[in-house]
Structure formats: structure tokens, C-alpha cells
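Here's the structure, in C-alpha cells; my notes come after.
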Amino acid sequence: MATPLTAGRLLAILKNEGVKTAEYPGWTTRERDAATGKTFGPVHMVLNHHTAGSNSLATVAKNGVAGLPAPLAHIHLAKSGVATMCSAGRANHAGLMAKNAYDSFLNEKTTHPTPLKASGTVDGNDLSYGIETENLGNGTDVYTRAQYDAWVRINAALCREYDWSAESCGDHKETSVEGKIDPKGPVEGYGTRGRFTYSGKQFRADIAERLKHPASWSPSTSKPPTTPKPPSTPKPPTTDERLTALEKRVTALEKR
Ligand SMILES: [Zn+2]
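Numbering (this note's numbering), first residue to last: -4 to 251.
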């Protein structure tokens, strides 16, 4: 039974995973359970988003948008890598998930099919943790190194807590029947990797790698040392070179 974590436990597992955290005032009780008559849980996956804006914290945590009351995620992740706690209850982030896509995360399949509405739908807000990562979502705005590192840590922390594999972590675009495109865009770098384009597959690989290590682990950011080249031994002079040198010496002697 994957019971939702208490607010205190949710915060604790992030800290334990090395995530820098902040707490939005009122976050421990702000949720979309009572107002909707629905309950949060059991939870079966993590759903990742981009905010498609900037300075979105108050929107995600408290204000919401027209027709969609806050909280809009459990965690808001800033470009600085700071994760701000927004809710520990039901949050408005996932919308409807296609059943075929959801099942692939529920069952931790290593491939995730294109979400098909015809397969049926489930209410993703009932069953997933949502992370809103600050990014314009225009395909050029960059996820910072600190942000991506924290993002991997947050997903890994939840997997570690529930004994899920990285295949329980999905993108909004991988489940949505509402044409969502998030997250997308370039990432500044991660570990020894330089700039790359965000993909759910790579993200899950990075979470899986992290789960092989203790929560205190940090990926190495230095390139592995390259084997130094052996010092080049000077080649013995060719016959021609020896003769040329000899001629020079003779010429020099003749000039004396
Ligand atoms: Zn989204």
C-alpha cells in the first residue's frame, strides 16, 4: 500500500537525499482533497512538469490559475535547485492520464507507450506526486545544473522511500491525454555530462543510477583522468640527418 507520506516525512526524505528545501507558508494543510470530495492516494508514481513560466512559486503553491485552484504540485523546483514544499495532499497537476501510459508506470515497464485516450483514463491527481520545475518550456530556456541535480534527487527520494524503480517516474507529456508537452528543453549538464536535451528516458536512467547509491551520494562532476601519454622518445637521427650535421661541423671547422 503506497500511502501518501505525511508532510513531515515528505520533507525529511528530500533533505535526506541532499535536496535544498524551503516551505511555503501553509503547505502542510493546503490540498485539493476536501474541496473535490476525492482523496489522495494510494500513490503509484511521480509526475514531472515544467511551469511554462517564471517566478511561478506563488502560483503553484497558493494562487493557482483560472479554473485550476492551487496547489498545482507537491513541490516547486526553482532554477537555483531549491525545492519548495507546496502540498502533501491532493494537488492539481496531472489531469487525466491515459490508462495505457499510466499502467506502464504502475507496472514499472521499461518502455512507456504513447498515451491513448481510447485506452481509458484515470485521474492522475489521485495517485501521483507532482513536481513543477521552473522553466519557460519554450525549448530554449535551460534547466540549470543545480535544478536538474535536485530534480533527480527528488524523484529518487520518493522511489527510495516506496521501493519503486525509476520506471515509476514519468513526464506529464508521457501520460496526458490533454496534449501536454512538458517537460522539454536543454539541460545545462549533469555529473560529467555537458549540455543535453531533456528526455524522460535519460532522466529515468539518471534516477536509476542514483538509486544504486546511498541517499547521501553526489554524482562526480570531474571528468575521469585521461591516461597521460608516455613521454615521446626522440627518434634516432636518420643517415641523411647525420650527414647534414657532419657537413655543418666540417663547414664550421673550415671557416676557422
Ligand atoms: Zn504539466
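We put the beta carbon where it would ideally sit given N, CA and C, even for glycine.
Note that the coordinates shown come from a computational prediction; the quantities given were computed from them, not determined experimentally.
DSSP, reduced to helix, strand and coil, places Asp158 outside both helices and strands of the structure shown, so it counts as coil. Between Arg205 and Val117, the C-beta gap is not smaller than 8 Å, which leaves the two residues out of contact.
Annotation note: the segment 67 to 107 contains the following uninterrupted beta strand (DSSP E) runs of length 3 or greater, listed N- to C-terminal: 70 to 72, 77 to 80 and 91 to 93.
Considered as a whole, the segment 156 to 190 harbours 167 to 170 as its complete alpha helix (DSSP H) runs of no fewer than 4 residues, in chain order. Ala86 is positioned such that its CB atom lies closer than 8 Å to that of Arg27. The criterion of a C-beta distance shorter than 8 Å is satisfied by Gly184 and Arg140.
At least one heavy atom of ligand 1 is found less than 7 Å from the C-beta of His88. Cβ-Cβ distances below 7 Å link Arg199 to Ala161, Glu162 and Cys164 in the same chain, with the five nearest sequence neighbours on each side left out; the list follows chain order.
A contact is defined here as three or more CB-CB pairs under 8 Å, and the segment 128 to 139 fails this definition with respect to the segment 6 to 13.
For Lys179, the Cβ stays outside the 7 Å cut-off from all heavy atoms of ligand 1. By the neighbour-count criterion, in which 16 or more other beta carbons inside 10 Å mark a residue as buried, Ser99 falls on the buried side.
In the structure shown, the three-state DSSP call for Asp235 is helix. Pro110 and Thr216 have their C-alpha atoms some 35 Å from each other. Approximately 7 Å separates the beta-carbon atoms of His44 and Ala68; this is inside 8 Å, confirming the contact.
Only exposed fits Ala247, as fewer than 16 other CB atoms lie within 10 angstroms of its CB.
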